[in-house]
Every structure is written in C-alpha cells, then in structure tokens.
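Engineer: Each residue of the sequence shown is one higher than the last, beginning at 330 in this note's numbering. Glycine included, every Cβ here is placed at the ideal spot set by N, Cα and C.
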Amino acid sequence: AEESGGGKVDLIKAGAFEDIDVAMMVHPSRSNELVPLFIGVGHLTVEYYGKAAHSSGAPWEGTNALDAAVTCYNGLSYLRQHIKPNCRVGAIITDGGAAPNIIPEHSAMDILYRAPTVAIMEELRKKVMSCVNAGAEATGCTMAITRSFSFKPVVTNSVLAGLYKKHAEQLGVVFDDGNPEATLFVASSDMGSLCHTVPSIHPIYRIASAGPNHTQEFTDAAGHPGAQEPTLVAAKAMALTCLDLLLQPKQLVSQAKAAFAADMERSHKS
Numbered sequence: 330a331e332e333s334g335g336g337k338v339d340l341i342k343a344g345a346f347e348d349i350d351v352a353m354m355v356h357p358s359r360s361n362e363l364v365p366l367f368i369g370v371g372h373l374t375v376e377y378y379g380k381a382a383h384s385s386g387a388p389w390e391g392t393n394a395l396d397a398a399v400t401c402y403n404g405l406s407y408l409r410q411h412i413k414p415n416c417r418v419g420a421i422i423t424d425g426g427a428a429p430n431i432i433p434e435h436s437a438m439d440i441l442y443r444a445p446t447v448a449i450m451e452e453l454r455k456k457v458m459s460c461v462n463a464g465a466e467a468t469g470c471t472m473a474i475t476r477s478f479s480f481k482p483v484v485t486n487s488v489l490a491g492l493y494k495k496h497a498e499q500l501g502v503v504f505d506d507g508n509p510e511a512t513l514f515v516a517s518s519d520m521g522s523l524c525h526t527v528p529s530i531h532p533i534y535r536i537a538s539a540g541p542n543h544t545q546e547f548t549d550a551a552g553h554p555g556a557q558e559p560t561l562v563a564a565k566a567m568a569l570t571c572l573d574l575l576l577q578p579k580q581l582v583s584q585a586k587a588a589f590a591a592d593m594e595r596s597h598k599s
C-alpha cells in the first residue's frame with residue numbers, strides 16, 4: 330500500500346511533541362545508512378475544468394481539460410533537465426475524461442516534487458506551479474489545487490547519529506554511507522517534518538531483498554524470518570541510544586539541541 334498524508338504532521342499540529350526532547354525511528358531498506366537522503370516532498374492534486382462537446386460533431390465548441398493536463402505533464406517532463414540532481418518531479422494523470430468521443434470537461438493530476446532543503450523545495454514549487462498554470466492558460470481551462478501537503482526533508486542530528494552509530498557498529502552493523510558501490514536509498518518521509526520540530530534521526534537498515542522498497546519483492550522480504558535479526562539489531566541500537574540520553578540528559582540533550590538549531594538555519598538556506 331502507498332501512503333497518503335502524514336500522521337506525524339498531524340501529531341505535530343496537535344502539539345504531541347511540545348514536551349518531547351528528541352525523536353528517532355528506523356526503516357528497512359537494501360542498505361545500512363546512518364544519514365539517508367530523505368528529501369522533502371510536496372504533493373499537489375490539480376484539477377482542470379473545461380467544456381464538454383462532441384469530439385467529431387462540434388469539437389470547436391469544447392474546451393479540452395485533458396489537453397490542459399497533458400500540457401502540464403509535458404512541461405514537468407521538460408523541467409526535469411533543469412532541476413538539480415538531488416531534486417525529483419513525478420506526476421500521473423488520474424482523470425483524463427470519460428469517453429473518446431467527448432471533449433473532456435474535467436481532468437485531474439497528482440504531482441510530487443522533491444528537494445533536499447526547505448529553501449530549494451520552495452524554489453522548485455514555483456517552477457512546478459508555472460507548469461500547472463501553463464496548462465490552464467494554453468487551453469483556456471480553469472484550474473484548482475484541490476489537495477496540497479508537504480513533508481520537509483529529513484535533517485539528521487549529528488549528536489544522536491553519533492550515539493546510534495556507536496551502538497549499531499558494536500552490534501555488528503557496517504554502514505554504507507559513502508560506499509560508491511552501495512545502492513543508496515532516496516525517498517521522502519513525514520519524519521522530515523518532525524526533524525524540523527525536535528532533534529531527530531532516521532537511519533535505515535538492510536534486509537535481504539531482491540527488489541527495492543515499495544515493490545512486491547520487498548514486501549515479501551520484510552515478512553521473511555530473515556528480516557527479524559537486522560530489525561532487532563536496529564531496535565537495540567535505538568534503545569541503547571535512548572539509554573545514553575537518559576543517563577546524561579544535561580550533556581547529550583543540550584548538545585543535540587544546539588546541533589538542531591544550526592541544522593535548521595542551514596535547511597532554510599538555498
């Protein structure tokens with residue numbers, strides 16, 4: 330199943346982390362990464378509205394909403410060669426009309442745009458919106474953004490990461506960060522928004538899988554008994570990190586919060 334929305338964002342808005350000092354979670358993948366690249370993501374649902382007409386009898390009387398979506402999609406495709414290597418843009422057309430003999434009066438798209446910092450996300454959003462608006466302007470349709478949400482990029486807290494790394498390596502983990510031969514993971518997570526709320530980490534750990542995340546092969550691997558041991562190791566590393574924080578709260582939590590403040594300043598710069 331593909332997630333939609335972000336539970337952590339809802340919890341942040343509800344004030345669930347106002348009395349929390351730090352946060353951490355782990356996620357399975359095909360690599361061991363202390364500082365994975367979870368870039369920020371924005372999600373837009375765009376709807377175009379035109380006018381129906383018979384596509385053979387009187388097509389000139391219609392305004393083609395599908396053409397608007399296709400124009401936007403093509404613009405996004407052209408945009409990809411002009412964005413930075415650590416950015417991503419993806420889109421699908423979810424409604425392209427009801428029948429080929431009718432000029433579509435409605436179309437809809439889901440668009441994802443991703444970037445490594447809050448500032449670059451905002452720059453990319455403006456470029457994406459230029460494509461969205463161009464679809465309407467070029468075809469004479471009207472448009473509306475009917476759904477919009479975003480996750481900020483994950484910012485790994487160096488203090489917490491150092492503690493986790495120490496314990497994970499003592500438990501036998503070999504991290505792939507900086508390994509040119511490793512297949513490193515690039516995705517997005519609502520944990521990114523939490524990383525901008527409290528000092529946080531989100532390491533990923535390797536399980537044996539024939540396919541990448543969000544495939545049937547990975548689903549099968551995650552349910553295989555062989556995935557249990559690396560999952561337990563990651564859980565132990567988190568538990569031992571928490572123990573360090575509980576035993577030295579004044580020193581370690583203060584250091585984590587100081588690093589967090591510097592990280593937030595960098596994340597909001599281009």
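DSSP three-state label for F547, please.
Structural biologist: By one-based count along the sequence shown, residue 547 stands at place 218. F547: helix per DSSP, three-state reduction.
Engineer: Does the separation of the CB atoms of R535 and S360 fall below 8 Å?
Structural biologist: Position 206 of the sequence shown, counted from the first residue, corresponds to residue 535. Position 31 of the sequence shown, counted from the first residue, corresponds to residue 360. The answer is yes: Cβ separation under 8 Å.
Engineer: What runs of the beta strand (DSSP E), each 3 residues or longer, lie entirely inside the segment 428-496?
Structural biologist: Runs of the beta strand (DSSP E) inside the segment 428-496: 435-444 and 471-480.
Engineer: Do you know how far the Cα of P532 is from the Cα of L366?
Structural biologist: Position 37 of the sequence shown, counting from 1, holds the residue named residue 366. Position 203 of the sequence shown, counting from 1, holds the residue named residue 532. Roughly 10 Å between the two C-alpha positions.
Engineer: Would the segment 417-430 and the segment 463-483 be scored as touching if the rule is three or more Cβ pairs under 8 Å?
Structural biologist: No, the segment 417-430 does not touch the segment 463-483.
Engineer: Among residues of its own chain, excluding the 5 on either side of K380, which ones have a beta-carbon nearer than 8 Å to its beta-carbon?
Structural biologist: Sequence index remark: in the sequence shown, residue 380 carries index 51 (1-based). Excluding sequence neighbours, K380 sits near E390, G391, T392, I432 and E434.
Engineer: In the DSSP assignment, find the alpha helix (DSSP H) that holds P578 and state where it starts and stops.
Structural biologist: Taking the sequence shown and counting its residues from 1, one reaches residue 578 at position 249. Unbroken run through P578: none, as it is neither H nor E.
Engineer: Quick one: what's H356 bridged to in DSSP?
Structural biologist: As a first step, residue 356 is located in the sequence shown; it is residue number 27 there, counting from the start. Per DSSP, I533.
Engineer: I'd like the list of long-range same chain contacts for M472, defined as Cβ closer than 8 Å, with 5 residues on each side in sequence excluded.
Structural biologist: Taking the sequence shown and counting its residues from 1, one reaches residue 472 at position 143. Answer for M472: V375, E376, Y377, Y378, A397, V461, N462, G464 and A465, listed in chain order.
Engineer: Helix, strand or coil, according to DSSP, for T423 in the structure here?
Structural biologist: To locate residue 423, count along the sequence shown from 1; it is residue 94. T423 falls in the strand class under three-state DSSP.
Engineer: Would the segment 443-458 count as touching the segment 401-412 if we require 3 or more Cβ pairs under 8 Å?
Structural biologist: As far as the Cβ criterion goes, the segment 443-458 touches the segment 401-412, which means the pair count is three or higher.
Engineer: Let's test the definition: count the other Cβ atoms within 10 Å of the Cβ of A591 and tell me whether it reaches 16, buried, or not, exposed.
Structural biologist: One-based indexing of the sequence shown puts residue 591 at position 262. It is exposed - the Cβ of A591 has fewer than 16 other Cβ atoms within 10 Å.
Engineer: Assign G552 to one of two classes, buried (16 or more other C-beta atoms within 10 Å of its C-beta) or exposed (fewer than that).
Structural biologist: Residue 552 sits at position 223 when you count from the first residue of the sequence shown. Result: exposed.
Engineer: Apply the 10 Å Cβ neighbour rule to H597 and answer buried if 16 or more other Cβ atoms are within range, or exposed otherwise.
Structural biologist: Locating residue 597 in the sequence shown gives position 268, where the first residue counts as 1. By the 10 Å Cβ count, H597 comes out exposed.
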